[in-house]
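Engineer: Quick one: the structure is below, questions incoming.
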Amino acid sequence: MRKPLIAGNWKMNGNRGLAAEMLQAMESSLDQTSADVVVCPPFSLLQSVGECFENTPVFLGAQNVHAQLSGAYTGEISAPMLNEMDVKWCIVGHSERRAQFSETDAIVRQKVGILLQNGIQPIMCVGESLEEREAGKHEEVVVEQLKNGLSGLAADDQLRCTIAYEPVWAIGTGKTATPEQANSMHLVIRNQLAELSTEQFATKMRILYGGSVNADNAEELLGQSEIDGALVGGASLKTDQFPGIITAAKG
Ligand code: PEP
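Here numbering that gives the first Met the number 0 is used: position 159 in the sequence shown is 158, and no number is missing along the way.
As structure tokens, then:
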């Protein structure tokens with residue numbers, strides 16, 4: 000049985016006050032859920048949000064990391080620095096970073112490696128554009144991103160990775176993949192993970208869905224056999240939405 004994971008990606012939003020407000024709003028959801036809950040604020044808020052979530056079941060996550068350990072990379076943050084902030088998870092390969100910051104599969108692979116070396120669990124995003132889906136290439140595109148992002152990893156390292164399937168056309172658009180569309184892609188992903196390691200390992204890995212998840216659609220999406228949680232953008236900033244998504248996650 001896979002434990003669900005709900006991760007909130009604040010992107011370039013939020014402030015110190017939001018963590019405290021969200022914690023208060025999440026209180027009863029955290030009591031009821033069987034899910035792991037992760038909040039990924041911007042780098043500048045890691046310290047204060049981390050302090051706010053101290054002694055709570057909420058894990059601290061980051062939205063990005065540099066592929067190198069240290070050096071002349073102005074404005075960047077390394078995996079050891081995240082580790083020092085007690086960051087347990089880190090998103091890599093988000094479609095916004097792929098599109099706006101030229102993050103290639105090769106860079107994603109380097110980031111996955113550096114995170115694992117530093118004890119941080121990667122949440123690796125994959126997903127197709129609308130054009131790719133309409134051209135019937137969605138499965139091919141996602142399989143390629145998976146193979147490149149995880150290439151050469153030992154099976155037990157692969158097991159420490161979480162995959163987030165995020166169709167680009169569903170991110171921040173209010174258009175959600177249907178539960179069937181999402182579940183069917185998750186099955187493709189799990190089969191590919193089995194090819195990259197073994198079926199036994201692939202069965203244990205969590206595959207999240209991301210793309211306009213909210214408190215109204217979460218239960219149906221999370222009820223699908225292959226959907227093990229959600230990566231949530233916009234709704235993770237809303238105190239009347241994120242708690243409902245957490246409550247919808249049942250193990
Ligand atoms: C995301 O940015 O990972 C995301 C899924 O955003 P949203 O929930 O706003 O679509």
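From the three backbone atoms N, C-alpha and C, an ideal C-beta is built for every residue, glycine too. Every value quoted in this text rests on a predicted model; they were computed, and no experiment measured them.
#1: Could you have a look at Met21 and say whether DSSP puts it in helix, strand or coil?
#2: Would you report the Cα separation of Asn49 and Met84, rounded to the nearest angstrom?
#3: Along the chain, where does the alpha helix (DSSP H) containing Leu207 start, and where does it finish?
#4: Per DSSP, what are the beta-bridge partners of Phe58 in this structure?
#5: Trp9 and Pro40 look like a contact to me (Cβ under 8 Å); what is the Cβ gap, rounded to whole Å?
#6: Over the uninterrupted alpha helix (DSSP H) stretch that includes Cys254, give me the two end residues.
#7: Where does Thr177 land, buried or exposed, given buried means 16+ other C-beta within 10 angstroms?
#8: Extract the residue ranges of the alpha helix (DSSP H) inside the segment 120 to 167, only unbroken runs of 4 or more that lie entirely within it.
#9: For Gly118 and Cys89, which I take to be in contact (beta-carbon distance under 8 Å), what is that distance rounded to the nearest angstrom?
#10: Given that a residue counts as buried once 16 or more other Cβ atoms are within 10 Å of its Cβ, and exposed if not, what is Ala134?
#11: With H, G and I counted as helix, E and B as strand and the rest as coil, what does DSSP make of Asn14?
#12: Please give the ranges of any beta strand (DSSP E) in the segment 64 to 124, keeping only runs that are unbroken, at least 3 residues long and fully inside the region.
#13: Look at the alpha carbon of Glu53 and the alpha carbon of Val38, and state the distance between them as a whole number of angstroms.
#14: Would you mind reading off the limits of the beta strand (DSSP E) that contains Ala229?
#15: Examine the ligand PEP and report whether any of its heavy atoms sits within less than 8 Å of the Cβ of Thr172.
#16: Leaving out the 5 sequence neighbours to the left and right, which residues in its chain are closer than 8 Å to Ser47 when beta-carbon positions are compared?
#17: Please state whether DSSP places Gly243 in a helix, a strand or coil.
#18: Quick check on Ala6: does DSSP put it in helix, strand or coil?
#19: With a CB to CB cut of under 7 Å and the five nearest residues on each side skipped, what residues in its chain are close to Glu225?
#20: Taking the Cβ atom as the reference point for each residue, do Val167 and Leu114 lie within a distance shorter than 9 Å?
#21: Would you mind giving the Cβ-Cβ distance between Tyr208 and Ala229, rounded to the nearest angstrom? I have them listed as a contact below 8 Å.
#22: Inspect the beta-carbon positions of Val111 and Leu152 and report whether they are closer than 9 Å.
#23: Verify the contact flag: Cys124, CB atom, against every heavy atom of the ligand PEP, threshold strictly below 8 Å.
#24: Taking only the alpha-carbon atoms, compute the straight-line gap between Pro132 and Gly210 and give it to the nearest angstrom.
#25: For Ser28 and Leu4, what's the separation of their Cα atoms in angstroms?
#26: To the nearest angstrom, how far is the alpha carbon of Ser94 from that of Ala78?
Structural biologist: Reading from the atomic positions:
#1: Locating residue 21 in the sequence shown gives position 22, counting from the first residue. In this structure, Met21 counts as helix in the three-state DSSP scheme.
#2: Looking up residue 49 in the sequence shown gives position 50. Looking up residue 84 in the sequence shown gives position 85. First, the amino acid is wrong: residue 49 is Gly here, not Asn. Looking at the two C-alpha atoms, the distance is approximately 8 Å.
#3: The residue you call residue 207 lines up with position 208 of the sequence shown. That residue, Leu207, is in no alpha helix (DSSP H); its beta strand (DSSP E) goes Ile206 to Gly209.
#4: Reading the sequence shown from its first residue, position 59 is the one you call residue 58. Per DSSP, the beta-bridge partners of Phe58 are Val37.
#5: Translated into the one-based positions of the sequence shown, residue 9 becomes position 10. Translated into the one-based positions of the sequence shown, residue 40 becomes position 41. 5 Å between Cβ atoms; contact.
#6: Residue numbering for the chain in the displayed model covers 0 to 250; residue 254 lies beyond these limits and cannot be assessed.
#7: Position 178 of the sequence shown holds residue 177. It counts as exposed.
#8: 129 to 133, 137 to 149 and 154 to 158
#9: Working through the sequence shown from its first residue, we reach residue 118 at position 119. Working through the sequence shown from its first residue, we reach residue 89 at position 90. Contact flag wrong, Cβ pair sits at about 11 Å.
#10: Translated into positions along the sequence shown, residue 134 becomes position 135. Counting Cβ neighbours within 10 Å, Ala134 comes out exposed, since fewer than 16 surround it.
#11: Residue 14 sits at position 15 when you count from the first residue of the sequence shown. Residue state, collapsed to three classes: coil.
#12: 88 to 91
#13: Within the sequence shown, residue 53 is the residue found at index 54, counting from 1. Within the sequence shown, residue 38 is the residue found at index 39, counting from 1. Their backbone Cα atoms lie some 12 Å apart in a straight line.
#14: As a position in the sequence shown, residue 229 is number 230, starting the count at 1. Ala229 -> beta strand (DSSP E) spans Gly228 to Val231.
#15: Your numbering for residue 172 matches position 173 in the sequence shown. Taking non-hydrogen atoms of the ligand PEP into account, the C-beta of Thr172 is found less than 8 Å away from one of them.
#16: Working through the sequence shown from its first residue, we reach residue 47 at position 48. Taken in chain order, the residues that qualify are Arg15 and Ala18.
#17: Stepping through the sequence shown from its first residue, residue 243 is reached at position 244. Here Gly243 sits in helix by DSSP.
#18: Sequence index remark: in the sequence shown, residue 6 carries index 7 (1-based). Strand, per DSSP.
#19: Translated into the one-based positions of the sequence shown, residue 225 becomes position 226. Contacts found: Asn182, His185, Leu186, Arg189 and Ile206.
#20: The residue labelled residue 167 in the question sits at position 168 within the sequence shown. The residue labelled residue 114 in the question sits at position 115 within the sequence shown. Not closer than 9 Å, so no.
#21: The residue labelled residue 208 in the question sits at position 209 within the sequence shown. The residue labelled residue 229 in the question sits at position 230 within the sequence shown. Sure, about 6 Å apart at Cβ, within 8 Å.
#22: By 1-based counting over the sequence shown, the position of residue 111 is 112. By 1-based counting over the sequence shown, the position of residue 152 is 153. For Val111 and Leu152, yes; Cβs fall inside 9 Å.
#23: For the purposes of this step, residue 124 is taken as the residue at position 125 of the sequence shown. Within the cutoff, so yes.
#24: Here residue 132 refers to the residue found at position 133 of the sequence shown. Here residue 210 refers to the residue found at position 211 of the sequence shown. Inspection of the sequence shows that residue 132 is occupied by Arg rather than by Pro. Rounded to the nearest angstrom, the two C-alpha atoms are 15 Å apart.
#25: By one-based count along the sequence shown, residue 28 stands at place 29. By one-based count along the sequence shown, residue 4 stands at place 5. In a straight line, the C-alpha of Ser28 is about 13 Å away from that of Leu4.
#26: By one-based count along the sequence shown, residue 94 stands at place 95. By one-based count along the sequence shown, residue 78 stands at place 79. Each residue's alpha carbon lies about 20 Å from the other.
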